[in-house]
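Numbering (the working numbering), first residue to last: 18 to 284.
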């Protein structure tokens, strides 16, 4: 999305939202204007969040982010050894990522900044399940604000059933210590999510603005199959309160869409 279209988008929705997640399925630091975007969100008194794998978080970008007005950053680190990290984060340089995360955290402390809130995120899997104690020690050493041990999700609208089975065998944790973080159980050769919610709140609480400024139903609509409208062509309130769009959200809340049947919140 161009910076000019980003400005138009924020200006169109600023009175209807409180939080802007400046990431989706890609790496936000790839965008050349990401710090300008964050700063614009900050100027509009909206809460900004980015999630990054930290491969591009060099000292220059880190310093720019620290002074951009960013409210929260999620630093994704899925292992504290070369083996566990590289098996999950293909082609990423483990030692470079560790240096980048270390610099960002220490620079925030050195400058005595209150923001951004730093969340260190680890996706629990079979390859790092024995490293969690070490990861907790690392988070203490880095003095991050929060450590989030996240459950691993495999979505049927992204992977085939054969791919899911193969990935499950490789990555699903089997340790008992973090049983509450294991998202699935296997029944009759099928993956069943543990304790799925009875209703979905995503469609009522959020929406996604795609790169072409189309508004999509939720963050699981990766292919943009549930489009409400285009923010450049219509007013946001006209889109959001349209009777057909409201019906789409109601059906999503009741898990009636085909996407909902394979969403990792429910499968």
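All residues carry an ideal CB built from backbone N, CA and C; glycine is no exception.
Through-space distance from residue 100 to residue 263, alpha-carbon basis: 47 Å
Nearest candidate by alpha-carbon position, reference residue 153, set 275, 97, 122: 97
Cβ pair count under 8 Å reaching 3, the segment 123-135 against the segment 175-182: no
Rounded straight-line distance, which links the Cα of residue 55 to that of residue 134: 14 Å
For residue 69: DSSP bridge partner residues: 92
Cβ-Cβ distance between residue 168 and residue 137 below 8 Å: no
Simplified DSSP assignment, three categories, for residue 163: strand
Status (buried if at least 16 other CB within 10 Å, exposed otherwise) for residue 60: exposed
Candidates 273, 175, 70, 150: closest to residue 107 by CA position: 70
Distance CB(residue 1)-CB(residue 67) smaller than 8 Å: This structure does not reach residue 1, given that the chain is present from 18 up to 284, and the question cannot be answered.
Continuous beta strand (DSSP E) stretch holding residue 114: start and end: From DSSP, residue 114 is part of no beta strand (DSSP E) but of the alpha helix (DSSP H) over 111-127.
Alpha-carbon spacing of residue 284 relative to residue 199, whole angstroms: At residue 284, the pLDDT of 46 sits below 50, so the modelled position is not reliable and the matter cannot be decided from this model.
Identity of the residue in 72, 235, 252, 20 nearest residue 274 by Cα: 235
Spatially closest choice to residue 132 from 250, 35, 85, 276, by CA coordinates: 85
Contiguous beta strand (DSSP E) assignments of at least 3 residues, all confined to the segment 129-201: 134-140, 163-167
Environment of residue 163 [buried if 16+ CB atoms lie within 10 Å]: exposed
Residues that residue 247 bridges to, as DSSP identifies them: 231
Residue interval of the alpha helix (DSSP H) (run including residue 38): Taken as a continuous stretch (DSSP letters only), residue 38 belongs to no alpha helix (DSSP H), being part of the beta strand (DSSP E) at 36-38.
Residue 241 and residue 256 closer than 8 Å at C-beta: no
Buried versus exposed call for residue 142 [16 or more other C-beta atoms within 10 Å across all chains shown]: buried
Buried or exposed (CB count within 10 angstroms, at least 16 for buried), residue 226: buried
Continuous alpha helix (DSSP H) stretch holding residue 42: start and end: Premise fails: residue 42 is in no alpha helix (DSSP H) and is neither H nor E.
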